[in-house]
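Student: I am attaching a structure below and will ask some questions about it afterwards.
Number of protein chains: 2
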Amino acid sequence: MTYPKHSPQIAILGAGLIGAAWAALFQHHGADVRVWDPAAEALAATGARMKAPLAQMAEVAPEAGSMGSLTLCDTLTDAVSGADLIQENAPESIPVKHALYAEVEPFMAPHAILASSTSALTWSELSPGLREPDHLITAHPFNPPHLVPLVEIYGTDQARVERAEAIYRFAGRVPVRLKKDATGHIANRLASALWREAVFMVQEGIADVEAIDAALINGPGLRWSVLGAHMAYHLGGGPGGMEGYLAHLGPSQERRWAALGVPSLSTEVQAELVAGVAREAAGRDMSELEATRDKALIAALRARKDAPHV
Amino acid sequence: MTYPKHSPQIAILGAGLIGAAWAALFQHHGADVRVWDPAAEALAATGARMKAPLAQMAEVAPEAGSMGSLTLCDTLTDAVSGADLIQENAPESIPVKHALYAEVEPFMAPHAILASSTSALTWSELSPGLREPDHLITAHPFNPPHLVPLVEIYGTDQARVERAEAIYRFAGRVPVRLKKDATGHIANRLASALWREAVFMVQEGIADVEAIDAALINGPGLRWSVLGAHMAYHLGGGPGGMEGYLAHLGPSQERRWAALGVPSLSTEVQAELVAGVAREAAGRDMSELEATRDKALIAALRARKDAPHV
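Chain order of the listed sequences is W and B.
Residue 1 is where the first sequence starts when you use the numbering used here, and the numbers rise one by one after that.
Residue 1001 is where the second sequence starts when you use the numbering used here, and the numbers rise one by one after that.
Shown next as structure tokens:
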């Protein structure tokens, strides 16, 4: 099956912020999207929740062509029947997801992929909820899902994983595959490792919250938006590249790793984190901060089209 | 003293890649730049080394106005005399830098700032090389220095630190201040912490080198180019922001930190890192990779002008 020769049919289970972002993303790229939510109110709010993401998609990917259809489904069966990909965005609870999978599985097409957006849970925890565990993959988007291209994928049926990757690429995503199931997938492990050291620096009084964020945005964050961490050491290694870097600085790198810290989220540290982001926000409320973030992400994504990353 | 009312006079000590990037940056923004290097050949190559950075500066900051002067100095005295800021880019050796400082100090103007670009060394290690340690600051740029805006600053004389910040801002930099001297400053500590987890995932077979780099570039790296790590948790915390995040997920965050790994740079891991970046480079040599990086950085910097980061 090749996309976009044949537009995929997508089921979105759960019409919260993540579900609405997925729905907007797939519809914008021409897929037929069917949305279901156990709460009638949430389902009814889907269109309103998709409005901003759809407007942003038009800015990021104006070339996507004609939009697909959107159907709000009162029953799970309606949403799931005939779907190529079922994107599940239920609460992060193993029993809740298992119960949902038990309802979904009988109505899945034989080729269908059940994809969990889970951030905190793993394939190994979720797949026992199906009679055919291989029909499940984890497909974790990075927030906000319609703007940040990454989708981290783990599954055991290679054909399903490949079909899922094709569908996510059809929707302008960058699927990245894990070789082994892991808590936090890739990106949240990296983010968690970085934030641990950031909080350690706050705890030790090395720098303020807002100084650390400014250093990240104007230094490594900017560079990591165009160049991977491994590749950065390759380019930093001189003519010998990564091999030269490891030969000359490998031993000192292990010492530098040993010098990094493990903070404690004590009352004092928590208070300083809260005060620090308040100083950094400088009176801007959540919606203002999010609007600034989204506008900057859209500009960065547009810049990539002319000048691709390494 | 206010810049740019009065263009600063800059001395660049060491005409290697970092020195040439500093020289191009300051000259482009209208400062008068005097360059010295102990090796006559390196000094003679300064103009050639500045060519590409100067061309890139014209793309990034076309609004900068008329360029300053460039003088290649045969003697250290000529370079340093009358300079407001002396940017030192000597090899990362305490004795070498101390010896240089001993030669520089007698010719420094009373208000002058001696700023070390050091990456690996600290203010506490370097300042004993001066009779007046307060005249030294560390001012670490992030590679490539003329494109990545961050300059990390530590010093003990607040007036000098403030004057240095004004000069770096004059040159379009984003100075970020440390409250306490620390190995790796801020950015390299963050980069080191992130890479440790990246190498751990390679060691554990969770994901390939190139998959981890792709996840970073298309996920957290992109987001950190517009939004700091602390602020990302603030926005991810729902209406309660950072406070809500810490209240609900603080304990599980400490567990997640405990689940992160410490890799060993064993022969096998090193071989996999080298093989991984080779796959990722896909035949592109260093200069091609650097050109792609620089083009993407320039596009990202231009995008920021219309849509500033959070």
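For glycine and all other residues, C-beta sits at the position ideal for the given N, C-alpha and C.
Here the structure is a predicted model, which is why all the values come from computation and not from measurement.
1. Tell me where the alpha helix (DSSP H) around P141(W) begins and ends.
2. Using only CA atoms, which one of Q9(W), A90(W), A139(W) lies nearest to H28(W)?
3. For the structure I just gave you, are there three or more beta carbon pairs, one from the region 223 to 240 of chain W and one from the region 1233 to 1244 of chain B, closer than 8 Å?
4. Going along the chain, which unbroken runs of the beta strand (DSSP E) with 3 or more residues stay wholly within the region 1041 to 1082 of chain B?
5. In or out: G19(W) buried (at least 16 other Cβ within 10 Å) or exposed?
6. Have a look at R1189(B) and A229(W) and give me their C-alpha separation to the nearest angstrom.
7. If we ignore side chains and look at the alpha-carbon of each, how far apart do L54(W) and L1100(B) end up?
8. Between H98(W) and chain B, is there a C-beta pair that is closer than 8 Å?
9. Could you spell out where the beta strand (DSSP E) holding E204(W) opens and where it closes?
10. Three-state secondary structure (DSSP) at E1092(B)?
11. Going by Cα to Cα distance, which pick from K1180(B), G1184(B), V1226(B), D1306(B) is closest to L216(W)?
12. Over what stretch of residues does the beta strand (DSSP E) that includes G155(W) continue unbroken?
13. Please classify T267(W) as buried or exposed, where buried requires at least 16 neighbouring CB atoms within 10 angstroms.
14. Is A282(W) close to chain B? Criterion is C-beta to C-beta, closer than 8 Å.
15. Kindly list the residues whose CB is nearer than 7 Å to the CB of G1047(B), restricted to its own chain and excluding five residues on each side of it in sequence; keep chain order.
16. Residues of chain W with a CB under 7 Å from the CB of L1130(B): which are they?
17. Closer than 8 Å, Cβ to any Cβ of chain W: which residues of the region 1218 to 1248 of chain B, in chain order?
18. Could you list which residues in chain W have their beta carbon closer than 8 Å to that of E1254(B), in chain order?
19. Considering only C-alpha positions, which residue in the set A1015(B), L1043(B), A1042(B), G1065(B) is nearest to G1172(B)?
20. Could you tell me the distance, in whole angstroms, from the CA atom of V1060(B) to the CA atom of A187(W)?
21. Taking 7 Å as the limit between beta carbons, can you name the residues of its chain near I167(W), skipping five residues before and five after?
22. Find the residues of chain B that neighbour G276(W), judging by a C-beta separation of less than 9 Å, and give them in chain order.
23. Starting from the beta carbon of N1143(B), find every residue of chain W whose beta carbon is closer than 9 Å, and list them in chain order.
24. Whole angstroms are fine: how far does the CA of W1257(B) sit from the CA of H1248(B)?
25. Is any beta-carbon of chain B found at less than 8 Å from that of H309(W)?
26. Could you give the DSSP three-state label for R1034(B): helix, strand or coil?
27. Go through its chain and collect everything with a Cβ distance to T1292(B)'s Cβ below 8 Å, but skip five positions before and after it.
28. Do you know how far the Cα of P1144(B) is from the Cα of G985(B)?
29. Could one say the Cβ of V1148(B) lies closer than 8 Å to chain W's Cβ atoms, at least one of them?
30. From the beta carbon of E1197(B), is the nearest beta carbon of chain W less than 8 Å away?
31. Give me the chain B residues within the contact set of L25(W), using Cβ-Cβ distance strictly less than 9 Å, ordered along the chain.
32. Over what stretch of residues does the beta strand (DSSP E) that includes L114(W) continue unbroken?
33. To which residues does DSSP link A1011(B) through a beta bridge?
34. Evaluate E1152(B) with the Cβ neighbour count: other Cβ atoms within 10 Å of its Cβ, from every protein chain shown; 16 or more gives buried, anything less gives exposed.
35. Thinking C-alpha only, which one of P133(W), E88(W), W224(W) is nearest T118(W)?
36. Let me know if V1310(B) comes out buried or exposed under the rule of 16 or more other beta-carbons within 10 Å of its beta-carbon.
Tutor: This is what the structure gives:
1. In the first sequence, residue 141(W) corresponds to position 141, counting from 1. That residue, P141(W), is in no alpha helix (DSSP H); its beta strand (DSSP E) goes 136 to 141.
2. By one-based count along the first sequence, residue 28(W) stands at place 28. It is Q9(W) whose Cα lies nearest to the Cα of H28(W).
3. no
4. 1070 to 1073
5. The count along the first sequence starts at 1 and reaches residue 19(W) at position 19. With 16 or more Cβ atoms within 10 Å of its Cβ, G19(W) is classed as buried.
6. For this step, residue 1189(B) is matched to residue 189 along the second sequence. For this step, residue 229(W) is matched to residue 229 along the first sequence. Near 13 Å, if we compare the C-alpha coordinates of A229(W) and R1189(B).
7. Here residue 54(W) is taken as the residue at index 54 of the first sequence, counted from 1. Here residue 1100(B) is taken as the residue at index 100 of the second sequence, counted from 1. Cα to Cα, L54(W) sits roughly 59 Å from L1100(B).
8. Here residue 98(W) refers to the residue found at position 98 of the first sequence. No - not a single Cβ of chain B is within 8 Å of the one on H98(W).
9. Taking the first sequence and counting its residues from 1, the one referred to as residue 204(W) is at position 204. Per DSSP, E204(W) belongs to no beta strand (DSSP E); it is in the alpha helix (DSSP H), 187 to 204.
10. One-based indexing of the second sequence puts residue 1092(B) at position 92. Coil, per DSSP.
11. Locating residue 216(W) in the first sequence gives position 216, where the first residue counts as 1. Checking every option, the nearest Cα to that of L216(W) belongs to V1226(B).
12. Within the first sequence, the letter at position 155 stands for residue 155(W). Here the beta strand (DSSP E) through G155(W) covers 150 to 155.
13. If you number the first sequence from 1, residue 267(W) lands on position 267. T267(W) comes out exposed.
14. Working through the first sequence from its first residue, we reach residue 282(W) at position 282. So no, A282(W) is outside the interface.
15. One-based indexing of the second sequence puts residue 1047(B) at position 47. Counting only Cβ-Cβ distances below 7 Å, and skipping sequence neighbours, we find nothing.
16. Residue mapping note: residue 1130(B) aligns to position 130 of the second sequence, counting from 1. Near L1130(B) there are no residues of chain W at all, since even the closest Cβ is about 23 Å away, more than 7 Å.
17. N1218, G1219, P1220, G1221, L1222, R1223, W1224, S1225, V1226, L1227, G1228, A1229, H1230, M1231, A1232, Y1233, H1234, L1235, G1236, P1239, G1241, M1242, E1243, L1246
18. Within the second sequence, the letter at position 254 stands for residue 1254(B). Per Cβ cutoff of 8 Å: S264, L265.
19. As a working mapping, residue 1172(B) is identified with position 172 in the second sequence. Among A1015(B), L1043(B), A1042(B), G1065(B), the Cα nearest to that of G1172(B) is on G1065(B).
20. Taking the first residue of the second sequence as position 1, residue 1060(B) is located at position 60. Taking the first residue of the first sequence as position 1, residue 187(W) is located at position 187. If I take the Cα positions, the gap works out to 30 Å.
21. Position 167 of the first sequence, counted from the start, is the residue given in the question as residue 167(W). Excluding positions up to five away in sequence, the list reads Y3, P8, D84, L85.
22. One-based indexing of the first sequence puts residue 276(W) at position 276. Per Cβ cutoff of 9 Å: H1230, M1242.
23. The residue given as residue 1143(B) occupies position 143 in the second sequence. Simply R223, A232, L235, G236.
24. Residue numbering aside, residue 1248(B) sits at position 248 when the second sequence is read from its first letter. Residue numbering aside, residue 1257(B) sits at position 257 when the second sequence is read from its first letter. Straight-line Cα distance between these residues: approximately 16 Å.
25. For this step, residue 309(W) is matched to residue 309 along the first sequence. Answer yes: the Cβ-Cβ gap between H309(W) and chain B drops below 8 Å somewhere.
26. Within the second sequence, numbered from 1, the residue matching residue 1034(B) stands at position 34. Residue state, collapsed to three classes: strand.
27. Here residue 1292(B) refers to the residue found at position 292 of the second sequence. Result list for T1292(B): R1284, in chain order.
28. Any property of residue 985(B) remains undetermined from this structure, which presents chain B solely from 1001 to 1310.
29. By 1-based counting over the second sequence, the position of residue 1148(B) is 148. Closer than 8 Å: yes.
30. Sequence index remark: in the second sequence, residue 1197(B) carries index 197 (1-based). It does; some Cβ of chain W falls within 8 Å.
31. Locating residue 25(W) in the first sequence gives position 25, counting from the first residue. Ordered by position in chain B, no residue passes the 9 Å Cβ test against L25(W), which lies about 14 Å from the chain.
32. Numbered from its first residue, the first sequence carries residue 114(W) at position 114. L114(W) -> beta strand (DSSP E) spans 113 to 116.
33. Within the second sequence, the letter at position 11 stands for residue 1011(B). DSSP, once it has assigned bridges, lists R1034(B), I1086(B) as partnering A1011(B).
34. Here residue 1152(B) is taken as the residue at index 152 of the second sequence, counted from 1. Buried is the call here.
35. Here residue 118(W) refers to the residue found at position 118 when the first sequence is read from its first residue. Minimum Cα distance to T118(W) is reached at E88(W).
36. Here residue 1310(B) refers to the residue found at position 310 of the second sequence. Result: buried.
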